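> I'd like to ask you about the structure that follows.
Numbering (full-length UniProt numbering), first residue to last: 1 to 149.
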């Protein structure tokens with residue numbers, strides 16, 4: 001009642017005339033999938049690093065103006081690095097305390113950062129990081145629309 005699988009003397013096996021095994025014509029897909037997954041991970045990690053050195057002109061965009069029911073808080077940075085909350089000049093160190101006093105809806109208040117195109121990028125980044133460290137999460141950059149040609 002025993003039946004052997006895979007080749008005994010009664011045929012059914014993959015043997016050639018000389019007793020050698022036939023070449024297996026199937027492809028083992030597992031190593032192929034492993035290599036593809038490794039390549040995918042490498043490209044997922046490397047792709048964001050390739051876009052770091054692209055020169056950009058951030059202040060001009062073709063984005064549409066936002067419709068807003070309430071007036072957001074605006075923080076402006078002039079070309080010389082001076083920081084303004086609404087229309088009042090303030091030191092950069094006091095920005096978090098002043099925002100907490102002005103915000104009416106708490107830390108979900110919309111805050112727009114307006115930076116002059118000639119303003120130092122480091123000053124704008126410092127202002128945004130101080131706003132974020134104060135706990136505000138809804139921060140946006142304001143830009144001018146490109147003129148339609």
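The beta carbon of each residue, even a glycine, is placed where N, CA and C say it ideally should be. Nothing here was measured: the structure is a model prediction, and the numbers come from that model.
1) Short of 6 angstroms in beta carbon distance, which residues of its chain neighbour residue 130, apart from the five on each side in sequence? Order them along the chain.
2) Excluding the 5 residues flanking residue 194 on each side, which residues of the same chain have their C-beta closer than 7 angstroms to its C-beta?
3) Within this structure, are the beta carbons of residue 180 and residue 113 separated by less than 8 angstroms?
4) Considering only the alpha carbon of each residue, which of 25, 85 and 115 lies closest to residue 101?
5) Are residue 127 and residue 45 closer than 8 angstroms when you measure CB to CB?
6) For my contact list, residue 139 and residue 99 are in at a C-beta cut-off of 8 angstroms; report their separation, rounded to the angstrom.
7) To the nearest angstrom, report how far apart residue 116 and residue 43 are at their CA atoms.
8) List the DSSP bridge partners of residue 114.
9) So, with DSSP's three-state summary, where would you put residue 42?
Walking through what the data contain:
1) Here the set comprises 95 and 96.
2) For residue 194 there is no data in the structure shown, the boundaries of the chain being 1 and 149.
3) A query on residue 180 cannot be resolved here, the shown segment of the chain reaching from 1 to 149 and no further.
4) Comparing Cα-Cα distances from residue 101 to each of 25, 85 and 115, the minimum goes to 85.
5) no
6) Not confirmed; about 10 angstroms, so no contact.
7) When the Cα atoms are used, residue 116 and residue 43 turn out to be separated by approximately 36 angstroms.
8) 76 and 142
9) helix
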